[in-house]
């Protein structure tokens, strides 16, 4: 399996959580709203899986391999992706903080949670589209077949050594739980 296929498979999991997060955020305005805990767990998924597992592979392995193959960081798609990763982290922190206030009874925090959740969903959907249709095909062209295998092996090493045994599976379970809760 090519390295970018691994990342695209992870995108499909992230998209499932985005759909759940969007539905939950919209229910804050109308419909039976989820509690603050839903948004705290979604923030945990965003930080732990989307950022901790997925972005770690991109930033630590794929992007450096693309740079080594001649794709510039500054002024190119890698720089854009890195800036969007940072923006996603910022929005996730803001959503978590607002959800904590919402859980503590701050009535005004509910609108903030909704706004941050929808901002995150919009950012990530556009980000995934750019990676799937522009960045990953570019990586497939510039990273030679041998390099693709090395990148995929480095992804496996990140799963084993950096994120820890069973972490990936725990976040896949969290994605299912979030889906079940919001659609329940």
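Numbering (this note's numbering), first residue to last: 215 to 398. Each residue gets a CB set at the ideal place from its N, CA and C atoms; glycine is no exception. Remember, predicted model here, so these are calculated numbers, not experimental data.
Next item on the list: Would you kindly work out how many angstroms separate the C-alpha atoms of residue 294 and residue 340, rounded to a whole number?
Entry: 12 Å
Margin query: Which residue wins for smallest C-alpha separation from residue 387, given the options 262, 246 and 245?
Written below: 262
Notebook entry, point to check: By how many angstroms is the C-alpha of residue 370 removed from the C-alpha of residue 296?
Noted result: 22 Å
Notebook entry, point to check: Just how far apart, CA to CA, sit residue 332 and residue 237?
Noted result: 9 Å
Item checked: Reduced DSSP secondary structure (H/G/I, E/B, other) of residue 298 -> helix
Notebook entry, point to check: When you compare each of 235, 352 and 225 to residue 279 by their alpha carbons, which one comes out closest?
Noted result: 352
Margin query: Using CA atoms only, rank isn't needed, just tell me which of 232, 375 and 268 is closest to residue 223.
Written below: 268
Item checked: Option in 349, 361, 372 and 259 with minimal Cα separation from residue 285 -> 349
Next item on the list: Kindly indicate which three-state DSSP category residue 234 falls into: helix, strand or coil?
Entry: helix
Next item on the list: Look at the alpha carbon of residue 398 and the alpha carbon of residue 313, and state the distance between them as a whole number of angstroms.
Entry: 21 Å
Check: Roughly how many angstroms lie between the CA atoms of residue 291 and residue 244, to the nearest whole one?
Finding: 38 Å
Next item on the list: Measure the C-alpha to C-alpha separation of residue 306 and residue 260 and round it to an integer number of angstroms.
Entry: 7 Å
Checklist line | Residue span of the alpha helix (DSSP H) that contains residue 338, given as start and end | finding: 323-344
Note to self: Let me check understanding here. Comparing Cα to Cα, which of 390, 373, 381 and 389 lies closest to residue 271?
What the structure shows: 373
Check: Would you report the Cα separation of residue 329 and residue 389, rounded to the nearest angstrom?
Finding: 21 Å
Notebook entry, point to check: In three-state terms, what does DSSP make of residue 318?
Noted result: coil
Margin query: Please give me, in chain order, every unbroken run of the alpha helix (DSSP H) with length at least 4 that falls completely inside the stretch 363-388.
Written below: none
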